[in-house]
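Going by our numbering, the first residue of the sequence shown is number 5, and it counts up by one from there.
A short worksheet on the structure shown next.
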Amino acid sequence: MTEFGDDEEAVRKGGPQGFVDQRYQPFRVGLVVPDVRGSTSQHSLDARLAEFEGLAGAIELDIVFSEVVKVREIKPATFIGGGHTETLAGKVKEHKIDLLLVDAQLTAIQQRNLEKETHAKVLDRTGLILEIFGDRAATREGVLQVELAHLNYQKGRLVRSWTHLERQRGSGGSGFMGGPGETQIESDRRQIMDRIVLLEDRLDKVKKTRVQQRAQRIGTPIVALVGYTNAGKSTLFNALTHSEVFAKDLLFATLDTTVRKLELPHGREIMLSDTVGFVADLPTDLVAAFRATLEEVLDADVILHARDISSVDHLAQAQDVLKVLGDLGVSPETTPIIEVWNKIDLLGQGDLPIDELLAGITPSSKVASVVPVSAVTGQGIDELKLAIETALGENSRTYHVHVPHTAGADIGWLHSHAEIISRDEPTETGSGFVVRVEPRHRAAFIERFNGRIESPDV
Numbered sequence: 005m006t007e008f009g010d011d012e013e014a015v016r017k018g019g020p021q022g023f024v025d026q027r028y029q030p031f032r033v034g035l036v037v038p039d040v041r042g043s044t045s046q047h048s049l050d051a052r053l054a055e056f057e058g059l060a061g062a063i064e065l066d067i068v069f070s071e072v073v074k075v076r077e078i079k080p081a082t083f084i085g086g087g088h089t090e091t092l093a094g095k096v097k098e099h100k101i102d103l104l105l106v107d108a109q110l111t112a113i114q115q116r117n118l119e120k121e122t123h124a125k126v127l128d129r130t131g132l133i134l135e136i137f138g139d140r141a142a143t144r145e146g147v148l149q150v151e152l153a154h155l156n157y158q159k160g161r162l163v164r165s166w167t168h169l170e171r172q173r174g175s176g177g178s179g180f181m182g183g184p185g186e187t188q189i190e191s192d193r194r195q196i197m198d199r200i201v202l203l204e205d206r207l208d209k210v211k212k213t214r215v216q217q218r219a220q221r222i223g224t225p226i227v228a229l230v231g232y233t234n235a236g237k238s239t240l241f242n243a244l245t246h247s248e249v250f251a252k253d254l255l256f257a258t259l260d261t262t263v264r265k266l267e268l269p270h271g272r273e274i275m276l277s278d279t280v281g282f283v284a285d286l287p288t289d290l291v292a293a294f295r296a297t298l299e300e301v302l303d304a305d306v307i308l309h310a311r312d313i314s315s316v317d318h319l320a321q322a323q324d325v326l327k328v329l330g331d332l333g334v335s336p337e338t339t340p341i342i343e344v345w346n347k348i349d350l351l352g353q354g355d356l357p358i359d360e361l362l363a364g365i366t367p368s369s370k371v372a373s374v375v376p377v378s379a380v381t382g383q384g385i386d387e388l389k390l391a392i393e394t395a396l397g398e399n400s401r402t403y404h405v406h407v408p409h410t411a412g413a414d415i416g417w418l419h420s421h422a423e424i425i426s427r428d429e430p431t432e433t434g435s436g437f438v439v440r441v442e443p444r445h446r447a448a449f450i451e452r453f454n455g456r457i458e459s460p461d462v
């Protein structure tokens, strides 16, 4: 278990962690996936139900039943309507359900009314995802980010009537499913707001630290690995960098960003960054809280978008990833994207060969290239490294620039913001440098060295 310092211990007592105490029986839960008429969701009902079951299973809940409920129109009071609510209340009583999970974003009123009618604790999709993140958070930064998102979500919701569930998780349990810390926070709105301000201040300091860390990596290209949760990102990261980042067939198996050096086929070094997995309807508060972590993507020279090509829902998943990237200000127009079609080892088990199956799949957006791989078997990994090298070469430019001996700050700028390929023998007037400049620094380079650039694209 993670060792906690003073801050983390305070978070554990006063904020969400979602740690499941194995001495207690898991919650008996019922899953409800509303099928709202006229919904614009690109995900199939089967895929939605399977994913929601996977989310519940990610924190070892005891799923007693799961079902799709057809909703003609969303009801302001309960979302699903009185008839469905009455039916659910009967199932809760019959199966002794502790917790109802609803695959929708409920208002505080809808959540409270459903709890009153069914006599069970109710969590919506956002609450469940936050609970999972609370269970997964291991580092100080992850703990703070999850608690901030939790408090922003929780401040308008009533949970005090469900303190009887504390017995099932023990005195150390907290999060949405009960615990003395949460009820203590909910009892005093001012405490919540004070805590939010404190967390935002601490995360701002984390952000500044990350900026300093990224500054130390300037000059080395950054490649960010993104993808839908469970697309095999961490396994792919391990295959590329020969690392041992935790990888498991589990939704949100890892939360914290990991950065490793990677040498490309022709010797060029890059920094490969693995980020938190995305999911459909990722809570806005969670995206905001994890922005410091996700900003690794904003600084990337190339993005690897991992797609689980074996999933029947892979196109809709890819669109969800692109939406989150768009919310962060990243698009194929601003940053080259390589689509990594992962898990091809799971294809070709029918009548059609893999090549024919892949031929029927299209990229989800404008891409620099598409590379089919299997992170498990290693197939396609070498081709992926070459694709990264090609994408970097196409977007970086090489210049020959002259720097006077007296311009020490300019030499320092080159070392910090560009890759120095070679340096000429010094002359009386200064030194010549051959440098490679990535797109994100090109405008600053041209402005700073205007008139001293002897030959671009040497």
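The beta carbon of each residue, even a glycine, is placed where N, CA and C say it ideally should be.
For residue i, count neighbouring C-beta atoms within 10 Å of its own C-beta (all shown protein chains included) and say buried if the count is 16 or more, exposed if not.
| i | result |
| --- | --- |
| Arg311 | buried |
| Thr431 | exposed |
| Arg444 | buried |
| Thr167 | Note that Thr167 scores a pLDDT of 36, beneath 50, so its modelled location is shaky; the value from the coordinates is reported in the next line. Under this definition Thr167 is an exposed residue. |
| Glu343 | buried |
| Ala447 | exposed |
| Gly271 | exposed |
| Ser48 | exposed |
| Ser528 | There is no way to answer for residue 528, as the model of the chain reaches only from 5 to 462. |
| Ala347 | As written in the sequence, residue 347 is Lys, which differs from the Ala given in the question. Lys347 is buried by the Cβ-count criterion. |
| Arg171 | Only weak support is given to the placement of Arg171: the predicted model assigns it a pLDDT of 36, under 50, and the question is left unresolved by the model. |
| Ile63 | buried |
| Glu360 | exposed |
| Pro80 | exposed |
| Ala473 | The chain is shown only over 5 to 462; residue 473 falls outside these bounds and no answer can be derived. |
| Val215 | exposed |
| Asn454 | exposed |
| Thr433 | exposed |
| Thr410 | exposed |
| Thr279 | buried |
| Ala363 | exposed |
The alpha helix (DSSP H) spanning residue i covers which residue range?
| i | result |
| --- | --- |
| Pro443 | Pro443 to Arg452 |
| Phe282 | Segment: none, Phe282 is in no alpha helix (DSSP H) and carries neither H nor E. |
| Ile385 | Ile385 to Asn399 |
| Asn156 | Arg144 to Gln158 |
| Thr89 | Gly86 to His99 |
| Ile113 | Ala112 to Thr122 |
| Val470 | The question about residue 470 has no answer, for the chain in this structure spans 5 to 462. |
| Ile67 | It is not in any alpha helix (DSSP H) - Ile67 instead sits in the beta strand (DSSP E) that spans Asp66 to Val75. |
| Leu59 | Leu49 to Gly61 |
| Lys237 | Lys237 to Thr245 |
| Glu429 | It is not in any alpha helix (DSSP H) - Glu429 carries neither H nor E in the DSSP assignment. |
| Glu360 | Ile358 to Ala363 |
Ignore the nearest five residues each way along the sequence and tell me which others in residue i's own chain have a CB closer than 6 Å to its CB.
| i | result |
| --- | --- |
| Asp414 | Val407 |
| Arg76 | Arg41 |
| Lys370 | Pro336 |
| Leu148 | Leu203, Arg206 and Leu207 |
| Arg264 | Thr245, Ser247 and Leu276 |
| Ile457 | Tyr403 and Val405 |
Taking the alpha carbon of residue i as the point to measure from, which residue in the options has its own alpha carbon closest?
| i | options | result |
| --- | --- | --- |
| Thr82 | Gln115, Glu55 and His309 | Gln115 |
| Ser247 | Ser277, Gly412 and Ile226 | Ser277 |
| Leu103 | Pro80, Leu127 and Lys120 | Leu127 |
| Thr89 | Ala124, Thr433 and Lys389 | Ala124 |
| Leu105 | Glu145, Leu207, His99 and Phe56 | Phe56 |
| Leu59 | Leu207, Glu393 and Ala284 | Ala284 |
| Ala228 | Arg206, Arg193 and Ile274 | Ile274 |
| Thr239 | Ser378, Leu388, His309 and Ile84 | Ser378 |
Could you spell out where the beta strand (DSSP E) holding residue i opens and where it closes?
| i | result |
| --- | --- |
| Thr262 | Thr262 to Glu267 |
| Asp39 | Arg32 to Val40 |
| Arg311 | Val306 to Asp312 |
| Val230 | Ile226 to Gly231 |
| Leu104 | Leu103 to Val106 |
| Asp128 | Lys125 to Asp128 |
DSSP beta-bridge partners for residue i?
| i | result |
| --- | --- |
| Gly436 | His406 |
| Trp345 | Arg311 and Pro376 |
| Glu423 | Arg440 |
| Glu273 | Glu267 |
| Phe137 | Partner(s): none; Phe137 has no beta bridge. |
| Lys212 | Answer is none; Lys212 lacks a bridge partner. |
| Lys79 | Phe83 |
| Ile457 | Val405 |
For residue i, I'd like the list of residues in its chain whose CB is within less than 7 Å of its CB, leaving aside the five on either flank, ordered along the chain.
| i | result |
| --- | --- |
| Leu332 | Leu298, Val301 and Leu302 |
| Leu390 | Pro269 |
| Val438 | Thr402, His404, Ile425, Ser426 and Val462 |
Leaving out five residues on either side along the sequence, give the residues of the same chain with a beta carbon under 8 Å from the beta carbon of residue i.
| i | result |
| --- | --- |
| Gly382 | Ala243 |
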